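Trainee:
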Amino acid sequence: MTDGNWQIDYQCPQCGAPVMLDETDRILACPYCRTRLYLFRQNGFRYIIPHNQERNREIYYLPYWRVKGSLFFFRDLQPQFRFIDINRKAVGLPMIPPSLGVRPQAMKLRFLTPEIPGIFLAPEGSAMESIFPPEHHPVNTGCDFIGEVSSLIYTPVYLEKSTLYDAVTNRRLGNPADPGLFRDFPRTSPISDGKILFLPTLCPHCGWDLAGGKDALTLHCGNCHRLWRYRRDRLEELDFTILPSPSQPDSYLPFWKMKIAAKDFPLESYADLIRLANLPRVATPVLETTPLYFWSPAFKISPALYLRWIRQMTVSQPAVERHANPESIPSRGLHPVTLPLEEAVEGVRTNIGQLLSDKRRLLHTLAKTKIVLLDSDLVYHPFIRKNSELIHAGMGLTVDRNALSLAFHLS
Ligand SMILES: [Zn+2]
Ligand SMILES: [Zn+2]
């Protein structure tokens, strides 16, 4: 949930002008012809590091998995987090470096597209498997991993006189190799499992230009007030609720409201939460039948703030009612969803853990408990702008505007 994004060099598909993208960008906005396109690729994005060799040299591209996100775990009964940004080689070639280090950050990457010549070795395993060995995999350790990026990056090499060279630096990689070095490694083609789609950003209902920051997973129509997200190559309408505000809000931030089940932990009613967290409230018959929801921001914020907000919102259980007048929503005042529901569900275990009153006894059980999402809703909460901060209109949660995505448009 921090910066350090890789940069991708691309050409506007409409006018050919050079466009620089951040790896988390989902919208390509051409500054020259004003074309706006939504980028989509099934199974994550794939990049190459460009080489500087002559055209006729045979280039082999070696795959590296890359994962970026925040890992949450407990130490001394306290929730902790660690930022993860790791890449690892995805083929068992002993002479190549285990990681690309910071090279992708120092260079402009390109999308892997069909016209790029070269021989591409197929990656082994998956990104998560290669970054987390079984004994450290979140699934086996009861940690929560909220992923931001999962991608594959190809780095170029070439063989000369049976020796392998880095095609960017011309540095020799190891001792002379068998000329048939790559014979036993399965190859892949740049489009074998899907290509990048460039999709329109017009409202399917009314044709209006949809709004959304460049890393937006949702697009909002300022004309008919519908919210959309891409599912493969189709825009799908997303149901959402807007909370009323005591005063005119400056913007709305999205939150996931989730109904959760976890074996060994009753989480059905608010009274269950009172017992679980030993809250200073009486579990009245009404609270025994008041459904309990877990809350999470649907946008990226710092892990420390994230831990505080998921706890505070879940304890306070904001009442959700329909907004009386969707027409009054400022057209650019809805912050786009940048944290998908699947990732928000990943943080629920940590939230239950930090709420537990008897951590010493129960954290261990929780680590082995399967968390199941039963139902969800996307809810926009009103925020008031004050100096550099946004303050929740009803709950006093505060976030620095700069801590939100830079693409955040205020009306
Ligand atoms: Zn253009
Ligand atoms: Zn519309």
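For the sequence shown, the numbering used here begins at 29 and goes up steadily by one. Just so you know, even glycine gets a beta-carbon here, dropped at the ideal spot from N, CA and C. None of these values were measured; they are calculated from a predicted model.
#1: Does the separation of the CB atoms of residue 260 and residue 266 fall below 8 Å?
#2: Let me know if residue 438 comes out buried or exposed under the rule of 16 or more other beta-carbons within 10 Å of its beta-carbon.
#3: Looking only at its own chain, which residues have a Cβ that is under 6 Å from the Cβ of residue 390, when we skip the five neighbours before and after it?
#4: With DSSP as the reference, identify every bridge partner of residue 93, one or two as the case may be.
#5: Where do the N-terminal and C-terminal ends of the beta strand (DSSP E) with residue 456 fall, by residue?
#6: Using the C-alpha atoms, what's the distance from residue 272 back to residue 352?
#7: Take residue 241 as the anchor and find which of 107, 55 and 106 has the nearest alpha-carbon.
#8: Nearest-angstrom Cα distance between residue 229 and residue 400?
#9: Return yes when the C-beta of residue 66 is under 7 Å from any heavy atom of ligand 1, and no when it is not.
#10: Could you tell me whether the Cβ atoms of residue 100 and residue 378 are closer together than 8 Å?
#11: Within the same chain, show all residues whose beta-carbon is closer than 6 Å to that of residue 57, passing over the 5 residues directly before and after it, in chain order.
#12: Is it true that the CB of residue 123 sits closer than 8 Å to the CB of residue 247?
#13: Grouping DSSP H, G and I as helix and E and B as strand, with all else coil, what is residue 34?
#14: CA-CA distance, residue 332 and residue 186?
#15: Using CA coordinates, which residue listed in 209, 82, 198 and 73 is at the minimum distance from residue 119?
#16: Return the first residue and the last residue of the alpha helix (DSSP H) that residue 387 is part of.
#17: Whole angstroms is fine: what's the gap from residue 322's alpha carbon to residue 44's?
#18: Could you check whether the region 401 to 421 touches the region 282 to 299, counting it as contact only if at least three pairs of C-beta atoms, one from each stretch, sit closer than 8 Å?
#19: To the nearest angstrom, how far is the alpha carbon of residue 143 from that of residue 218?
#20: Using the rule of at least 16 other Cβ atoms within 10 Å of the residue's Cβ for burial, across every protein chain shown, is residue 214 buried or exposed?
#21: Considering only C-alpha positions, which residue in the set 431, 414, 432 and 430 is nearest to residue 424?
#22: Could you have a look at residue 239 and say whether DSSP puts it in helix, strand or coil?
Mentor: So, to answer that:
#1: Result no, Cβ atoms of residue 260 and residue 266 do not sit closer than 8 Å.
#2: Only weak support is given to the placement of residue 438: the predicted model assigns it a pLDDT of 31, under 50, and the value that follows is read from those uncertain coordinates. Residue 438 is exposed by the Cβ-count criterion.
#3: Counting only Cβ-Cβ distances below 6 Å, and skipping sequence neighbours, we find 384.
#4: Per DSSP, the beta-bridge partners of residue 93 are 116 and 180.
#5: An answer regarding residue 456 cannot be provided, because it is not within the stretch 29 to 439 covered by the chain.
#6: Note that residue 352 scores 49 on pLDDT, short of 50, meaning its location in the model is unreliable; the coordinates nonetheless yield the value given after this. Taking the straight line joining both Cα atoms gives about 7 Å.
#7: When only C-alpha atoms are compared, the closest one is 55.
#8: Whole-angstrom Cα-Cα distance: 33 Å.
#9: No - ligand 1 has no heavy atom lying nearer than 7 Å to the Cβ of residue 66.
#10: For residue 100 and residue 378, yes; Cβs fall inside 8 Å.
#11: In chain order, 64 place their CB closer than 6 Å to the CB of residue 57, counting only its own chain and leaving out the 5 sequence neighbours on each side.
#12: Cβ atoms of residue 247 and residue 123: not closer than 8 Å.
#13: Residue 34 falls in the coil class under three-state DSSP.
#14: C-alpha separation (whole angstroms): 45 Å.
#15: Scanning 209, 82, 198 and 73 for the CA closest to the CA of residue 119 turns up 209.
#16: Element bounds for residue 387: 387 to 395.
#17: Whole-angstrom Cα-Cα distance: 46 Å.
#18: Cβ pair count under 8 Å is three or more, so yes.
#19: When rounded, the distance between both Cα atoms is 8 Å.
#20: Here residue 214 is exposed. Its C-beta has fewer than 16 other C-beta atoms within 10 Å.
#21: With distances taken between Cα atoms, residue 424 lies closest to 414.
#22: Strand, per DSSP.
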